Structure formats: structure tokens, C-alpha cells
Amino acid sequence: MTQMPAMTDLRDPEPFSDQDLVLLFHQYLPVQALPAELARQITLLVLAEVATSLKRQASDLPWPSSATLRDLLRAWFRR
Amino acid sequence: LADLHDKSEAELLRRLKCGDEQAWTQLAAEYGAKIYTYLWHRLPSPEDAEDVLSETMVAAVHSIPKFDGNVTLTTYLFSLANRKIADFWRRQRPASELPETLVDRGLSSDALEFQEILKKLSHNHLQVLLMRYHVGLRVDEIANVLGLSYKGAESLLSRARAELRKFLDDPDAGDD
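Residue numbers (my numbering), protein chains in the order written: chain S, 78 to 156; chain Z, 12 to 187.
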């Protein structure tokens, strides 16, 4: 496992590598986990928005033309 | 690996556009978590991060069907998050500025020292360092989020690293 340098070690004159910086940020700015309850709420919010959006799209669909309706009716009567 | 990641994102995007419930659940869980940790360090309080995360995800639901996939999904979502962060700061009183509103959230003394140093960085340097080293975005993704060329993003990162180095060498640099 990689040993995290102390803050004082980071002040040596060598330039940082990308790896140093990743370690630095992750050590001193811990990745903040999404709380479980918030994750659940966000998921529900997203799914509710998707459902609303799909409903809206469905109601915006154009009505079939009269020719299409006529063809559909003919096909139905022929069954 | 980057190619594999991009391919799985493209597949996820295709499913999102079809209104696939599982895909949206995956987006909320995986990308929501990534965006939340970024917001947590860019906004004054965890509550603000929650609000801006909700706004970002709702914006994603409405805009992803029109998204043409010209950038990665990660890039696209972080662009949305950045726009929502900008909206947040526009709604704040003029006196509220990012470096003064980061608060102590029970961090260790080294972490507090590091956070103090981050407060001194310019806003765009802090932003680019967080995206690269905390969230783990690639340079090309950062370039797309910020509307820069690849070289422009590299150059911004280089200046941000130099500024961070300056404050790590001398935490009092820039204090009057």
C-alpha cells in the first residue's frame, strides 16, 4: 500500500507527480460518500422526473392522420 | 481502459435515452455519488451540495434526451453541475465568496491546513485541481467541461499546480 507523504514532505523541492496529487487530495479532502438516504431520494427524484418527462412526450405525439386512421380501421374490419 | 469506460458510457447513454429505468437508477447512484463529492468541496454546506445535486440530476433528466454524445457522459454531467454551481453563487449575496464560505467539517489538523491552502487558490485553479485529482476526470474531459482546448486545460492545470506548490511552500504567501 502506498504511504501517504506528510504535509511537510510535500514541501520538498521536487515537482509533484500526478500520483502525489491524487494521494494528497484523497488524503486531506476525503471523498465524501453520498449518504444512503440522499442516494435513495435522488434516485426517486430522477425516476419521477423520467416518468413525467415520458408522459409529456407521449401526450405530445401527433394524432395519426385521417388516412392512417382509415387504413387502421380497414385492417381492423378485415380481421 | 479509457476506451472501455467511454464505450460503457455510450451504452448507458443509449439506454438513458430509451427511458430505461435501470439505466437512470445507475446514473443516479454512480454519477450522483461522484458529483456529490465534487459539490461538497465547492459549496458552503452539505445541504447546499444536496440541493445542487438534485438540480443537476433533474437538469440531466431533461437534457440527456437531446444530448448528442459529442463528449463523454461524465464530461456532460460535470458541465451541468458546474452550471448549477454558478447558478448557486449567483443566488448568494455578493459578500459570499467561495474561499470564505468553506467550513470546518471535522477534518484532521493536516486536512484543515490543506483546506486553508486550497482557500487561497484562485477559483478556477481550485476547480480544475478538484476535477483532476479529486474526482479523477481526464484532461480531455476537463477541457470539455470548461470549454478549453486540451492544451488550454493542460496549461490551466500546470498553473494551478504551481499556485498550489507556492502555498504549500509558504502558506503565508499572498497574505497582506
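C-beta: ideal position from N, C-alpha, C; glycine also. Since the structure is predicted, the reported quantities are computational estimates derived from the model, not experimental observations.
Chain Z within 7 Å of residue i, Cβ atoms only
i               : result
E114 of chain S : no
Q96 of chain S  : no
K132 of chain S : no
T79 of chain S  : Note that T79 of chain S scores a pLDDT of 44, beneath 50, so its modelled location is shaky; the value from the coordinates is reported in the next line. Answer no: the Cβ-Cβ gap between T79 of chain S and chain Z never drops below 7 Å.
Cβ-Cβ distance between residue i and residue j below 7 Å
i               : j               : result
V63 of chain Z  : L50 of chain Z  : yes
H2 of chain Z   : L141 of chain Z : What the structure shows of chain Z is the stretch from 12 to 187, and residue 2 of chain Z is not part of that stretch, so it cannot be assessed.
L129 of chain Z : I75 of chain Z  : no
A39 of chain Z  : L23 of chain Z  : no
T48 of chain Z  : N155 of chain Z : no
A173 of chain Z : V150 of chain Z : no
T67 of chain Z  : A44 of chain Z  : no
V108 of chain S : Y144 of chain Z : no
F78 of chain Z  : K131 of chain Z : no
T3 of chain Z   : T120 of chain S : The question about residue 3 of chain Z has no answer here: the residues shown for chain Z are numbered 12 through 187.
C-beta neighbour in chain S for residue i, strict 7 Å
i               : result
L109 of chain Z : Bear in mind that a pLDDT of 48 at L109 of chain Z, under 50, signals an unreliable position, so the number given afterwards is only what the model happens to contain. No, L109 of chain Z lies away from the interface with chain S (no Cβ there is under 7 Å from its Cβ).
H52 of chain Z  : yes
V156 of chain Z : no
F89 of chain Z  : no
T85 of chain Z  : no
Y47 of chain Z  : yes
F99 of chain Z  : no
A171 of chain Z : no
V150 of chain Z : no
F125 of chain Z : yes
E66 of chain Z  : no
E61 of chain Z  : yes
V7 of chain Z   : Outside the shown range of chain Z, which is 12 to 187, sits residue 7 of chain Z, and nothing can be said about it.
L168 of chain Z : no
V69 of chain Z  : yes
A164 of chain Z : no
A184 of chain Z : no
E174 of chain Z : no
A122 of chain Z : yes
If you measure beta-carbon to beta-carbon, which residues of the stretch 130-147 of chain Z are closer than 8 Å to chain S? Under the 8 Å Cβ criterion, the stretch 130-147 of chain Z contributes L140, L141, R143, Y144, H145 and G147.
query: Are at least three pairs of beta-carbons, each pair with one atom in the stretch 116-125 of chain S and one in the stretch 162-181 of chain Z, less than 8 Å apart?
result: Touching, no, given that fewer than three Cβ pairs across the two stretches are closer than 8 Å.
Interface residues of the stretch 12-44 of chain Z facing chain S [CB-CB below 8 Å]
Look at the stretch 12-44 of chain Z: the residues with a C-beta under 8 Å from a C-beta of chain S are G30, E32, W35, T36, L38, A39, A40, G43 and A44.
* **Stretch pair the stretch 156-163 of chain Z + the stretch 111-121 of chain S: three plus CB contacts closer than 8 Å** => No: fewer than three Cβ pairs fall under 8 Å.
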